[in-house]
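What follows is one structure encoded as structure tokens, with my remarks underneath.
Number of protein chains: 2
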Amino acid sequence: MPRPARVSPDRILDAAALEFAARGYAGARVDHIARRGRVNKAMLYYHFGSKQGLYRALLRRTFGAIAADLQAIASGPLDPASRLDAAVSAFVRHIETHAHFPSIMLREVAEGGTHLDADTMAAVAAVPQAFAAILKPGVEDGVFDGVHPLSAYFITIAPIVMFVASAPLRAQAAQRRISPTVVGRRISTDAFMADVKRALQRAFAARSSVHQGRS
Amino acid sequence: MPRPARVSPDRILDAAALEFAARGYAGARVDHIARRGRVNKAMLYYHFGSKQGLYRALLRRTFGAIAADLQAIASGPLDPASRLDAAVSAFVRHIETHAHFPSIMLREVAEGGTHLDADTMAAVAAVPQAFAAILKPGVEDGVFDGVHPLSAYFITIAPIVMFVASAPLRAQAAQRRISPTVVGRRISTDAFMADVKRALQRAFAARSSVHQGRS
DNA sequence: GTCTATACCCTGATAGAC
DNA sequence: GTCTATCAGGGTATAGAC
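Written as structure tokens, this is what we have:
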């Protein structure tokens with residue numbers, strides 16, 4: 000039975016995920032991350048060199064994991080029509096296990112890659128790339144005719160990411176009684192996901208089978 | 000001919016929009032905003048009291064403006080089917096005139112309303128509220144049957160906001176030769192918007208006229 | 001590999017003259 | 001209303017002992 004590692008850079012990364020998600024790159028405090036990860040600052044710097052180094056390591060781990068999941072689907076045996084659904088499910092599952100991910104993604108998009116080196120940016124870019132690979136057979140079969148892969152990527156994941164990331168904001172608004180139910184009745188994450196999946200099925204169905212709203 | 004105002008809190012807000020969009024709340028530097036707005040720090044504090052006060056004033060102006068545009072559509076004469084299209088157009092137009100808006104919105108969602116007071120949060124919440132009001136007649140007519148207004152809101156605006164806000168990140172990736180065209184051929188903003196509008200038309204078409212992907 | 005104590009810079013905010 | 005000079009606090013990072 001091997002001894003468990005006592006240092007655990009992984010635990011630091013977990014703490015970093017929380018902190019960077021909640022406060023952003025500039026707002027994150029190395030002290031907080033160290034305390035939450037139960038190491039002292041010196042140890043953190045010993046492992047990651049700098050705040051920036053820590054941030055990059057975190058992003059590589061985070062985006063790397065989800066890209067790997069998507070790549071597995073891309074090279075899997077599913078039929079063209081089921082692949083999008085599988086991608087959405089994988090994405091949602093990843094968010095459920097990594098609650099900090101949506102916030103980090105939104106912030107990094109807004110940040111424009113300022114703190115990233117080429118390797119880290121490649122890890123981030125691997126996500127839309129894997130997504131495009133998932134769609135490829137369907138595009139060739141005409142199932143997703145005419146839609147650019149990058150369009151499909153944003154149309155698919157942006158609503159999910161923003162809805163989940165906005166949970167704290169919506170909770171605050173509800174708490175402060177700003178329009179008690181925000182818009183009409185409350186909505187659960189599950190109900191939202193169902194709406195999204197249905198919308199995507201319709202949006203990306205082959206053109207021939209769909210009524211055109213405009214010519 | 001009236002003398003032009005020499006103080007111009009508006010110019011400060013313009014500078015603040017740039018800075019907060021580019022660096023986020025914590026990353027923004029009051030010095031930078033003052034310099035870009037061509038006032039000194041003391042003047043800035045004289046007008047806005049604090050960094051937080053400035054941020055709140057900026058959000059009220061930004062979200063207030065777009066909410067007003069949407070409210071005009073909501074109380075306008077358009078038929079139920081055209082209202083969504085008008086909302087999207089208004090949104091896109093607003094982004095074109097206020098290039099910093101998408102970034103600020105993403106960051107504020109991730110921030111979870113931490114720096115906001117009740118008034119500012121109400122201004123932010125007015126946007127989805129106006130959007131729901133735009134959709135209301137269509138929902139009652141069965142055009143958007145079954146989709147929760149908040150779902151429709153995120154499904155509609157999230158792709159647009161994230162695509163536009165991700166432009167710098169995508170530019171960086173392209174510049175560093177990370178998968179030269181990211182995914183397949185390049186895509187223009189116009190092409191993306193066309194894809195989105197088409198997807199939305201399909202996604203929110205009345206159920207009866209659409210082929211169901213799953214039972 | 002681990003920890004304590006500290007250097008040093010940056011930044012939000014203000015005092016006080018005009 | 002406008003400006004210059006400055007302060008106090010908090011932040012990243014490291015030195016150096018063990």
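Protein sequences, first through last, are from chains P and H.
Numbered according to numbering that gives the first Met the number 0, the first sequence spans residues 0 to 214.
Numbered according to numbering that gives the first Met the number 0, the second sequence spans residues 0 to 214.
Idealized CB from N, CA, C, for every residue including glycine.
Please read these numbers as outputs of a predicted model, since none were measured by experiment.
Report task. Would you kindly work out how many angstroms separate the C-alpha atoms of P:G273 and H:P167, rounded to a whole number? Result -> Missing from the structure shown is residue 273 of chain P; chain P here goes from 0 to 214 and no further.
Requested in this report: Enumerate in chain order the residues of its own chain whose CB-to-CB distance from P:P8 is below 7 Å, with the five nearest sequence positions on each side excluded.
Outcome: On the first sequence, residue 8 of chain P is found 9 positions in, with the first residue counted as 1. So the qualifying residues of the chain are H46.
Query - is_contact[H:A24, chain P] using C-beta, thresh 8 Å - result: Against the second sequence, residue 24 of chain H aligns to sequence position 25. Here residue 24 of chain H turns out to be Tyr, not Ala, going by the sequence shown. So, interface residue.
Report task. Given a cut-off of 8 Å, decide if P:A109 and H:L57 are closer than it, judged by their beta-carbon atoms. Result -> Reading the second sequence from its first residue, position 58 is the one you call residue 57 of chain H. Reading the first sequence from its first residue, position 110 is the one you call residue 109 of chain P. Cβ atoms of H:L57 and P:A109: not closer than 8 Å.
Query - Beta-carbon spacing of P:S178, H:A124 below 8 Å - result: What you label residue 178 of chain P is simply residue 179 of the first sequence in a count that begins at 1. What you label residue 124 of chain H is simply residue 125 of the second sequence in a count that begins at 1. Yes, these two residues count as a Cβ contact at 8 Å.
Query raised in the report: Which value, in whole angstroms, describes the spacing of the CA atoms of H:I103 and H:L199?
Result: The count along the second sequence starts at 1 and reaches residue 103 of chain H at position 104. The count along the second sequence starts at 1 and reaches residue 199 of chain H at position 200. If I take the Cα positions, the gap works out to 24 Å.
Query raised in the report: Shorter than 8 Å from the beta carbon of P:S214 to some beta carbon of chain H?
Result: To locate residue 214 of chain P, count along the first sequence from 1; it is residue 215. Bear in mind that a pLDDT of 34 at P:S214, under 50, signals an unreliable position, so the number given afterwards is only what the model happens to contain. Taking Cβ atoms only, chain H never reaches closer than 8 Å to P:S214, which makes this a no.
Report task. Give the residues from the region 101 to 132 of chain H that approach chain P closer than 7 Å (Cβ to any Cβ), ordered along the chain. Result -> S102, L105, R106, V108, A109, G111, G112, A117, M120, A121, A124, P127, Q128 and A131
**Report entry** Limits of the alpha helix (DSSP H) - the one that H:V163 falls within
**Finding:** Position 164 of the second sequence, counting from 1, holds the residue named residue 163 of chain H. From DSSP, the alpha helix (DSSP H) with H:V163 extends over P148 to A164.
**Report entry** Positions along the region 56 to 83 of chain P whose CB lies within less than 8 Å of some CB in chain H
**Finding:** A80
Query raised in the report: I think H:R201 touches H:D116, with their Cβ atoms under 8 Å apart; what is that distance to the nearest whole Å?
Result: Your numbering for residue 201 of chain H matches position 202 in the second sequence. Your numbering for residue 116 of chain H matches position 117 in the second sequence. Rounded, the Cβ-Cβ distance is 40 Å, inconsistent with contact.
Query raised in the report: In whole angstroms, what is the alpha-carbon distance linking H:A71 and H:P79?
Result: Counted from its first residue, the second sequence places residue 71 of chain H at position 72. Counted from its first residue, the second sequence places residue 79 of chain H at position 80. Cα-Cα distance, rounded: 14 Å.
Query raised in the report: What is the residue span of the alpha helix (DSSP H) that P:T96 lies within?
Result: Stepping through the first sequence from its first residue, residue 96 of chain P is reached at position 97. P:T96 -> alpha helix (DSSP H) spans P79 to T96.
Query - Classification of H:K50 by the beta-carbon crowding that lies within 10 angstroms, buried from 16 upward - result: Position 51 of the second sequence, counted from the start, is the residue given in the question as residue 50 of chain H. Under this definition H:K50 is a buried residue.
Requested in this report: Please say whether P:F130 and P:A86 have beta carbons closer to each other than 8 Å?
Outcome: Taking the first sequence and counting its residues from 1, the one referred to as residue 86 of chain P is at position 87. Taking the first sequence and counting its residues from 1, the one referred to as residue 130 of chain P is at position 131. In contact: P:A86 and P:F130 (Cβ atoms closer than 8 Å).
Query - Helix, strand or coil at H:D194 according to DSSP, with G and I counted as helix - result: For the purposes of this step, residue 194 of chain H is identified with residue 195 of the second sequence, where counting begins at 1. Correct three-state label for H:D194: helix.
Query - Straight-line gap, P:R169 to H:A66 (C-alpha atoms, nearest Å) - result: As a position in the first sequence, residue 169 of chain P is number 170, starting the count at 1. As a position in the second sequence, residue 66 of chain H is number 67, starting the count at 1. Each residue's alpha carbon lies about 17 Å from the other.
Query raised in the report: According to DSSP, is P:F143 helix, strand or coil?
Result: Locating residue 143 of chain P in the first sequence gives position 144, counting from the first residue. Residue state, collapsed to three classes: coil.
Query raised in the report: When we look at the beta-carbon of P:T155 and count the other beta-carbons within 10 Å, is it buried (16 or more) or exposed?
Result: By 1-based counting over the first sequence, the position of residue 155 of chain P is 156. Answer is buried; the Cβ neighbour count reaches 16.
Query - Check whether H:F162 and H:A151 have beta carbons under 8 Å apart - result: Locating residue 162 of chain H in the second sequence gives position 163, where the first residue counts as 1. Locating residue 151 of chain H in the second sequence gives position 152, where the first residue counts as 1. No, these two residues do not count as a Cβ contact at 8 Å.
Query raised in the report: Comparing the C-beta of H:H99 with each C-beta of chain P, is any distance below 8 Å?
Result: Here residue 99 of chain H corresponds to residue number 100 of the second sequence, with the count starting at 1. No, H:H99 does not count as interfacial toward chain P.
Requested in this report: Could you confirm whether any beta carbon from chain H is found closer than 8 Å to the beta carbon of P:H147?
Outcome: Against the first sequence, residue 147 of chain P aligns to sequence position 148. Yes, contact with chain H.
Report task. Find out if the Cβ-Cβ distance for the pair P:H281, P:T61 is shorter than 8 Å. Result -> In the structure as shown, chain P begins at 0 and stops at 214. Residue 281 of chain P is therefore absent and cannot be evaluated.
Query raised in the report: So, is H:G141 buried or exposed, given that buried needs 16 or more other C-beta atoms within 10 angstroms?
Result: In the second sequence, counting from the first residue as 1, residue 141 of chain H sits at position 142. Exposed, since its Cβ has fewer than 16 Cβ neighbours within 10 Å.
Requested in this report: Identify each residue in the region 153 to 167 of chain P for which the Cβ-Cβ distance to at least one residue of chain H is less than 9 Å, and report them in chain order.
Outcome: F153, I154, T155, I156, A157, P158, I159, V160, M161, F162, A164, S165, A166 and P167
**Report entry** Cβ shell of P:H99 (< 7 Å), same chain only, five flanking positions each side left out
**Finding:** Taking the first sequence and counting its residues from 1, the one referred to as residue 99 of chain P is at position 100. A16, L17 and A20, listed in sequence order.
Query raised in the report: Is it buried or exposed for P:P101, if we count other Cβ within 10 angstroms and need 16 for buried?
Result: In the first sequence, counting from the first residue as 1, residue 101 of chain P sits at position 102. P:P101 should be labelled buried.
**Report entry** Pair within 8 Å by beta-carbon distance, P:G111 and P:M120
**Finding:** Locating residue 111 of chain P in the first sequence gives position 112, counting from the first residue. Locating residue 120 of chain P in the first sequence gives position 121, counting from the first residue. Result no, Cβ atoms of P:G111 and P:M120 do not sit closer than 8 Å.
Query raised in the report: Do H:A132 and H:R59 have their CB atoms nearer than 8 Å?
Result: What you label residue 132 of chain H is simply residue 133 of the second sequence in a count that begins at 1. What you label residue 59 of chain H is simply residue 60 of the second sequence in a count that begins at 1. Cβ distance not < 8 Å, so H:A132 and H:R59 don't count as in contact.
Report task. For H:Q174, count neighbouring C-beta atoms within 10 Å of its own C-beta (all shown protein chains included) and say buried if the count is 16 or more, exposed if not. Result -> In the second sequence, residue 174 of chain H corresponds to position 175, counting from 1. H:Q174 comes out exposed.
Report task. For the alpha helix (DSSP H) containing H:G36, list its first residue and its last residue. Result -> The count along the second sequence starts at 1 and reaches residue 36 of chain H at position 37. From DSSP, H:G36 is part of no alpha helix (DSSP H); its letter is neither H nor E.
Query raised in the report: Taking the alpha carbon of P:L12 as the point to measure from, which residue in P:K135, P:F191 and P:R34 has its own alpha carbon closest?
Result: Here residue 12 of chain P refers to the residue found at position 13 when the first sequence is read from its first residue. The option with the nearest alpha carbon to P:L12 is P:R34.
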